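K.L.:
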């Protein structure tokens, strides 16, 4: 754990109460008037546009109180403007009427509408689902032509910026860059940043020297007759250099930019305080010769590229608008396309795969410790033999204590760094909230009254990243409906482990196979079926995914994706089963075509008490029994005798 | 049949022998030199860009001999250029070496590579799969900078034109519009066009007055604050006006353009010789007031739009480059998007659906006549009891006579107009060629030696359009492998009739469900699973489809698609099962979500002699038996006693 201790854990409290929130908005509005802005757009992004942010980049949380991982606020400079408009009514995308109440709005996706309404002051912010009321429509329905809307170009992707700009342009509304970030100007008590050092990610972990990776990128540039690429994603830069860091919770990276030239040369734009001079020689041995430039020098790059008439390859979805606007101003010829690191990063090499499998074994042991502990805690309440004293013990446990207990078990594993995301520890109806987080909502729910518990969690290990969801029996009140729906979800997950598919298959083609068992009963789930997973990097990684909207990247050998169908009954319960699978070639000489399959690397029991056996085909039963046999082999030697007994029961053949 | 008699059946012979083909190329090259062109691109398109062309627009067939429905040729002006380059070798997309032999090349898709090689003179043309060797790469690998490539802008979509233009631009090669079509200038014996009159498509057939359809389009324009749209697709124009015609084989339309304004006004650009003045009043009663303009007046439109500063909505995939380039030159503001008729045309109204069902019953009767006839013809050769005399009779039948016999049975049905596409009548190994056409290849194959016969055919009826494929036993030599693979294909087809799916599901999500049974055995098929079908219009219709590349149009109530998985073993046999299904809402009050399903409208027996029952689930067996019961109900009263006996056997419960 030592060198991976997280340095910037400043534990900001964003939920400072309503008056504080009101004061912040007042100060911001004053500043907006000084800048002649009619409104300000605040995104949840920093200049690297990552899903995970350092605490001092949590500007959206600071100003709105909302802590979800995606959302955008628009704040009008005049707090009376809406009331002047007499509660203006607009039409949403379903043509339903929506009354605008507040002179500020927060736009979030379906995962976060409930959380955003709880976390924001509803006298300050209206909360909208971003497809039902579009940010652009909200602005144009309130503000007239010649209004000025401020935005920090560093905190929005170029493509999204252009989208908003063009929508507003049709109404003669101007989108202007604020220069400095206005939230930063009023965020006076922001904790100082302690630069956390860049860490070498050793060759026995990464499996491919940085110089080889740079050659690969350089060759692509050469083939396309382009001079260089600018890489903004910290995950890509860290993968490319085989380094890691501790700048961001849940994501072990050094935030930085890189430029790779078609000759293979590389410039690393990074806060130089993160590169201890004592380590430079060691770095050079690790990844060879590159140029180290302080991230503040990025500004000089644009004119230099223009001077040399260099042509630049760049990802307009993953690069902030400030960089691309500067390149455009300097007349640098641009070719847009996907970040060149993204695809090779997704195709894990043998060392990375071995690491992923190894950390999944450790993670399976931690999960089994936890599930055995939980089962012993709850067995009496499930079978109804509980006494009053024991009931008290059970009720002292809640979503937070369960999450902490699981973290404790994970922490005991070798090479564990931190959680790969905030644990979703959800009892009863809370599990129906897809991205539930007990920290964000009023109070954690206690064990004792709900039959089902959903736990979605994962770890960052030096060898890789894990992500697993299990839904287990923890209390009285289990119904036949719950068992039926659990079994349908499980059938969907098994379907994606059983399916064989040809090369060239997209994730979008497989999505329905996981849903079909639910669909046949008129049921569905409102999220994707699977996402890529990084290697000691982001737990959500592209370019592959399994969803109806998966892009044009086929699933190829060595890619890892989650498989996580679910079912959610609002206000009652939620079910999700999640394994990670690695795409492997099937060696079968009788097959005319080479086929692929997704082999599980997650090995933790599914709760067989929730399965309706008669709904499984023989093939599905065989799969479950073989899977549980493998679980036993992997974890049994790491468990106590008590836990081993639990394991035998939990993995008994059905 | 009377008014639908096809008027322009000039039966051109494109396969005029090598010397004729050589002479045409010589004349064309002379003309190219006069125009200072280094090369000419010849597409298989007319100005409406439809899949089906009038015979006198078959320019690609005239110059190359290739009669497939898609392909592009590039012809260099100097026939010695390639030999001067000493059989230049280039790399294809798999990085394999390809030797360029001829100074002209034909680029076709996977359906047509075999056919194109047979139909073209291989001393004149190289044939390439269009993704393996790209047309643009072929040009740039041969021609240097400042070369001039001619193209008729009227015969290519704007988007494809821009794609080629930009690829060539990077090599300083210029794409220039030839003005007149150079093929037309050397096609001296082209048959004259007899204008075929526009025909009223009555309200009891169309189900929605033209004026309502125009209002719908006008409202979309109003909502988007656009002044008008230009519609180039003849299918869209014919649907919009509720008219039909006989300009094109297999596609009962009047070729024409339309302009619809946001006020609902409409201009119809059509060869006015097709509008008999005696009929004008009748037309006015049928579809209300519109302006009739001769198609030659389209040129005046551009300046008029510019003068009025009108904003135009236009489909850049389905509009020829000549129109859009003219609009751009006139500085007309353009908004690009899908043809506004395409989506409402795909969602059939109740009258259209009733018509589709009715013509499918007639088509089922014709198919049963045919299959019963074929079974009686072949039963003795199948069971081995055949005598020499009967064998002779059987061998006198070949793919062509079978196709003719089927056409005869269809022709006997009320309101039959013509085939909806060239019948694929394929015995044995020919069925492994996905778009096989016995007319195009050397000689039709005779009955007698192959176990399997694949027949993919359809009809245009006044009430709608049909498309059906059956694979049946017709001779000795059936193997267990054939039965196994037939059953896998059938399972895939049944899967798409059984699946229930929520609103918003794309065709791309369902594609794998039809393939999964084959995938599990390492098998697949190299074509989409389903396409939309027009209503007395194009048998291939968008925007919906079922394939891994289906766009972002969900399947909605009233859409019709084919479901046609297959299996093809090269040089041995081919299997395909195809039904059309209509998307319907499932009325099930126990379903929390409204689900959709694809209900068959095709009712013709599947050959139960080819089914391995033990491979079907109980649910699949139930589906087949219920389906066959329904087939009996629909067709039995239209069959002779002999045919009824056949039907009882063919639809017996399995």
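Residue numbers (my numbering), protein chains in the order written: chain W, 2 to 655; chain H, 2 to 655. All C-beta atoms, glycine included, are put in the ideal place defined by N, C-alpha and C. The model shown is predicted, which means the values in this text are computed figures rather than measured ones.
(1) Check whether the Cβ of residue 36 of chain H lies closer than 9 Å to any Cβ atom in chain W.
(2) Just the Cα atoms here: how many angstroms apart are residue 625 of chain W and residue 554 of chain W?
(3) Check the Cβ of residue 304 of chain W against every Cβ in chain H and list those closer than 7 Å, keeping chain order.
(4) Going by C-alpha to C-alpha distance, which of H:47, H:323 and H:64 sits closest to residue 159 of chain H?
(5) Given a cut-off of 9 Å, decide if residue 254 of chain W and residue 283 of chain W are closer than it, judged by their beta-carbon atoms.
(6) Do residue 43 of chain W and residue 76 of chain W have their C-beta atoms within less than 9 Å of each other?
(7) Under 9 Å Cβ-Cβ, which residues of chain W neighbour residue 437 of chain H?
(8) Mind reading off the beta-carbon distance from residue 455 of chain H to residue 531 of chain H? Whole number of angstroms is fine, and I expect it under 8 Å.
(9) Per DSSP, residue 570 of chain W forms a beta bridge with which residues?
(10) Could you name the residues of chain W that residue 514 of chain H contacts, counting a contact when the two beta carbons are closer than 8 Å?
(11) Cβ of residue 522 of chain H less than 9 Å from any chain W Cβ?
(12) Rounded to whole angstroms, how far is the Cβ of residue 111 of chain H from the Cβ of residue 527 of chain H, which I believe are closer than 8 Å?
(13) So residue 500 of chain W contacts chain H; which residues on that side make the cut at Cβ distance below 9 Å?
(14) Between residue 141 of chain H and residue 174 of chain H, how many whole angstroms is the CB-CB distance? I'm expecting something under 8 Å.
(15) Do we get a CB-CB distance below 9 Å when we pair residue 509 of chain H with the residues of chain W?
(16) Nearest chain W C-beta to residue 9 of chain H closer than 9 Å, yes or no?
(17) Taking only beta-carbon atoms, is residue 371 of chain H less than 9 Å away from chain W?
(18) Going by C-alpha distance, which of H:476, H:252 and H:90 is nearest residue 56 of chain H?
(19) Touch check for the stretch 357–376 of chain W and the stretch 400–420 of chain W: three-plus C-beta pairs under 8 Å?
(20) For residue 600 of chain W, which residues of its own chain have a beta-carbon under 7 Å away from its beta-carbon, when the five flanking residues on both sides are left out?
(21) Would you identify the three-state DSSP class for residue 337 of chain W, choosing helix, strand or coil?
(22) By the three-class DSSP mapping on this structure, what secondary structure does residue 91 of chain W have?
(23) Could you pull the start and end residues of the alpha helix (DSSP H) that residue 269 of chain W belongs to?
(24) Compare the Cα-Cα distances from residue 300 of chain W to each of W:344, W:568 and W:326 and report the closest residue.
(25) Name the two residues that bound the continuous alpha helix (DSSP H) containing residue 414 of chain H.
(26) Check the C-beta distance from residue 611 of chain H over to residue 484 of chain H and give it rounded, since I have them as a contact under 8 Å.
(27) Using a Cβ cut-off of 9 Å, pull out every chain W residue sitting near residue 592 of chain H, in sequence order please.
(28) So which residues of chain H does residue 1 of chain W contact, with C-beta pairs closer than 7 Å?
(29) At least one CB of chain H closer than 9 Å to the CB of residue 480 of chain W: is that the case?
(30) Grab me the residues of residue 338 of chain H's own chain with a C-beta within less than 7 Å of its C-beta, minus the 5 sequence neighbours each way, in chain order.
(31) Per DSSP, what are the beta-bridge partners of residue 597 of chain W in this structure?
(32) According to the Cβ coordinates, are residue 286 of chain H and residue 211 of chain H closer than 9 Å?
(33) Within the same chain, show all residues whose beta-carbon is closer than 7 Å to that of residue 332 of chain H, passing over the 5 residues directly before and after it, in chain order.
(34) By the three-class DSSP mapping on this structure, what secondary structure does residue 2 of chain H have?
(35) Are any of the Cβ atoms in chain H nearer than 9 Å to that of residue 149 of chain W?
(36) Can you look up residue 607 of chain H in the DSSP assignment and give me helix, strand or coil?
P.N.:
Considering the structure as presented:
(1) no
(2) 30 Å
(3) Simply none; closest approach about 26 Å.
(4) H:323
(5) no
(6) yes
(7) Correct list: empty, because the minimum Cβ distance to chain W is about 20 Å.
(8) No, residue 455 of chain H and residue 531 of chain H are not in contact; Cβ-Cβ is about 17 Å, not under 8 Å.
(9) W:574
(10) 513, 514 and 517
(11) yes
(12) 6 Å
(13) 513, 517, 520 and 521
(14) 7 Å
(15) yes
(16) The predicted model places residue 9 of chain H with a pLDDT of 38, which falls under 50 and marks its position as unreliable; any figure quoted below should be read in that light. Not closer than 9 Å to any Cβ of chain W, the Cβ of residue 9 of chain H fails to qualify, so no.
(17) no
(18) H:252
(19) yes
(20) 582, 583 and 585
(21) strand
(22) strand
(23) From DSSP, residue 269 of chain W is part of no alpha helix (DSSP H) but of the beta strand (DSSP E) over 267–270.
(24) W:326
(25) From DSSP, residue 414 of chain H is part of no alpha helix (DSSP H); its letter is neither H nor E.
(26) 6 Å
(27) 522, 523 and 524
(28) Here chain W comprises residues numbered 2 to 655, so residue 1 of chain W is not present and cannot be evaluated.
(29) no
(30) 314 and 316
(31) W:502 and W:586
(32) no
(33) 307
(34) Its pLDDT being 29, under 50, residue 2 of chain H is placed unreliably by the model, and the measurement read from it follows with that caveat. Residue state, collapsed to three classes: coil.
(35) no
(36) coil
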